[in-house]
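**Q** Residue numbers (this note's numbering), protein chains in the order written: chain B, 69 to 208; chain G, 103 to 210.
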Amino acid sequence: MGETLHFHYDVDGGNFTSAGDASVHVKRKLRQLGFPPETIKRVSIAMYEGEINMVIHAGGGTADVFVSPESVKIVLADKGPGIEDISLAMKEGYSTAPENVRSLGFGAGMGLPNMKRYTDSMDIESELGVGTTITMTVNL
Amino acid sequence: MKVGEFAAKASFSAVSMPDPDREINGVYAGDLLSWVMGNAKEDNLWITIMTNSNVIAVASLVDVSAIILAEGVELDEKTALLAKEKGINVLSSEKSVYELCLTAGSLL
Chain B
69 MGETLHFHYD
79 VDGGNFTSAG
89 DASVHVKRKL
99 RQLGFPPETI
109 KRVSIAMYEG
119 EINMVIHAGG
129 GTADVFVSPE
139 SVKIVLADKG
149 PGIEDISLAM
159 KEGYSTAPEN
169 VRSLGFGAGM
179 GLPNMKRYTD
189 SMDIESELGV
199 GTTITMTVNL
Chain G
103 MKVGEFAAKA
113 SFSAVSMPDP
123 DREINGVYAG
133 DLLSWVMGNA
143 KEDNLWITIM
153 TNSNVIAVAS
163 LVDVSAIILA
173 EGVELDEKTA
183 LLAKEKGINV
193 LSSEKSVYEL
203 CLTAGSLL
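(1) Can you give me the Cβ contacts of Leu209/G inside the same chain, cut-off strictly under 8 Å, excluding the 5 residues immediately before and after it?
(2) Check whether the Cβ of Ala142/G lies closer than 8 Å to any Cβ atom in chain B.
(3) Against Lys145/G, what residues of chain B qualify as contacts under a CB-to-CB distance less than 9 Å, listed in chain order?
(4) Which residues in the same chain have their Cβ closer than 6 Å to the Cβ of Pro122/G, if we skip the five residues on either side of it in sequence?
(5) Give the straight-line distance between the Cα atoms of Gly173/B and Gly82/B, rounded to the nearest whole angstrom.
(6) Go through its chain and collect everything with a Cβ distance to Gly189/G's Cβ below 7 Å, but skip five positions before and after it.
(7) What does the alpha-carbon distance come out to for the pair Gly161/B and Phe103/B?
(8) Do the region 152-170 of chain G and the region 189-200 of chain G touch if we need at least three Cβ pairs shorter than 8 Å?
(9) Is there a Cβ of chain B sitting closer than 8 Å to that of Asn191/G, yes or no?
(10) Return the residues of the region 103-117 of chain B that lie within a Cβ-Cβ distance of less than 8 Å from chain G, sorted by chain order.
(11) Across the region 101-119 of chain B and the region 70-90 of chain B, are there enough close Cβ pairs to call them in contact, namely three or more that are closer than 8 Å?
(12) Are Asp132/B and Val143/B close, meaning C-beta to C-beta below 8 Å?
(13) Considering only residues of the same chain and omitting the five flanking positions on each side of Ser136/B, which have a CB-CB separation below 7 Å?
(14) Take Asp133/G and list the residues in its own chain whose beta-carbon comes closer than 7 Å to its own, dropping the five residues that flank it on each side.
(15) Please tell me whether Asn156/G has its Cβ less than 8 Å away from any Cβ of chain B.
(16) Determine the DSSP secondary structure at Ile113/B, reduced to helix, strand or coil.
(17) Any C-beta of chain B sitting closer than 8 Å to the C-beta of Ala159/G?
(18) So, with DSSP's three-state summary, where would you put Ser208/G?
(19) If you draw a straight line from the alpha carbon of Met158/B to that of Leu180/B, how long is it in whole angstroms?
(20) Could you tell me whether the Cβ of Met122/B comes closer than 8 Å to any Cβ of chain G?
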């Protein structure tokens, strides 16, 4: 595999049942490509957390995954309300998720921290009322 | 110990057992899915009372050896089917999370 592979997904807003489909698909693809299990786990969990965030907060969005022999880059983009205070949002345990989401087992305030924990770099661009784009990279 | 052998010894019923030969290497108990994704390890048994379909996605992403549903909670038919499709072992028990941890601790 010499070139970069690109996978594009539309993440359906408000659908907690299909949330995760894109991450599970990426996981399967990386497995087929022979990536190490630990890399696959890091990529798929970081992406799943991101997908769930877009479903909870932004009414969905898009996920683009770029796979090369050196790294896996995940770009999650939404047109949601934006993040008011990124450093607060990055704090473990801080959450603005509504109660109905918490009853599903989400909204523990661990999503963004997990995304950071499982990736080598994470960049958040967010503008209130415009949307949020998160770019994460896992190096091999 | 393998999941099939563990289920038999502990007399847990199998909601879904597509892969009884999965090895168990430890136990994680928890219901907040991001905590589970952040802390559970591959091949762990995962003890929980959550039953929505996201539990199956999380089990698949973390690659746990089996989910054990505590306190007699049940998966609906659709989620049980999803577990089988995704190759996720799901056991169930009337025991509490604490009792299940003790059982797992004594058998593993």
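Ideal Cβ positions, reconstructed from N, Cα and C, are used throughout, including at glycine.
**A** According to the structure shown:
(1) Mapped onto the second sequence, residue 209/G falls at position 107. Beyond the five residues adjoining it in sequence on each side, Leu209/G comes within less than 8 Å, by CB distance, of Met103, Phe108, Lys111, Ala112 in the same chain, given in chain order.
(2) As a working note, residue 142/G is residue 40 in the second sequence. With a threshold of 8 Å between beta carbons, Ala142/G makes no contact with chain B.
(3) Counting from one through the second sequence, the residue named residue 145/G turns up at place 43. It should be noted that the sequence gives Asp, not Lys, for residue 145/G. Under the 9 Å cutoff, chain B gives no residues; its nearest Cβ is about 11 Å from Asp145/G.
(4) Taking the second sequence and counting its residues from 1, the one referred to as residue 122/G is at position 20. Closer than 6 Å at the Cβ level, and outside the excluded window around Pro122/G, lie Val105, Gly106.
(5) Here residue 173/B refers to the residue found at position 105 of the first sequence. Here residue 82/B refers to the residue found at position 14 of the first sequence. Looking at the two C-alpha atoms, the distance is approximately 15 Å.
(6) Position 87 of the second sequence, counted from the start, is the residue given in the question as residue 189/G. Pro120, Asp121.
(7) What you label residue 161/B is simply residue 93 of the first sequence in a count that begins at 1. What you label residue 103/B is simply residue 35 of the first sequence in a count that begins at 1. Distance between the alpha carbons of Gly161/B and Phe103/B is about 32 Å.
(8) Yes, they touch.
(9) On the second sequence, position 89 is the one that residue 191/G refers to. Cβ-Cβ to chain B under 8 Å: no for Asn191/G.
(10) Listed by position along the chain: Pro105, Lys109, Ser112, Ile113, Tyr116, Glu117.
(11) With the cut-off at 8 Å, the region 101-119 of chain B and the region 70-90 of chain B touch.
(12) On the first sequence, residue 132/B is found 64 positions in, with the first residue counted as 1. On the first sequence, residue 143/B is found 75 positions in, with the first residue counted as 1. Yes. Within cutoff.
(13) Position 68 of the first sequence, counted from the first residue, corresponds to residue 136/B. So the list reads Thr72, once near-sequence residues are dropped.
(14) By one-based count along the second sequence, residue 133/G stands at place 31. Cβ neighbours of Asp133/G beyond the five flanking positions: Thr150, Ile151, Met152.
(15) Position 54 of the second sequence, counted from the start, is the residue given in the question as residue 156/G. Nearest CB-CB separation between Asn156/G and chain B: below the 8 Å threshold.
(16) On the first sequence, residue 113/B is found 45 positions in, with the first residue counted as 1. Looking at Ile113/B - three-state DSSP - the assignment turns out to be helix.
(17) Locating residue 159/G in the second sequence gives position 57, where the first residue counts as 1. Yes, contact with chain B.
(18) Numbered from its first residue, the second sequence carries residue 208/G at position 106. Ser208/G: helix per DSSP, three-state reduction.
(19) Locating residue 158/B in the first sequence gives position 90, where the first residue counts as 1. Locating residue 180/B in the first sequence gives position 112, where the first residue counts as 1. So the two alpha carbons sit approximately 6 Å from each other.
(20) Here residue 122/B refers to the residue found at position 54 when the first sequence is read from its first residue. So no, Met122/B is outside the interface.
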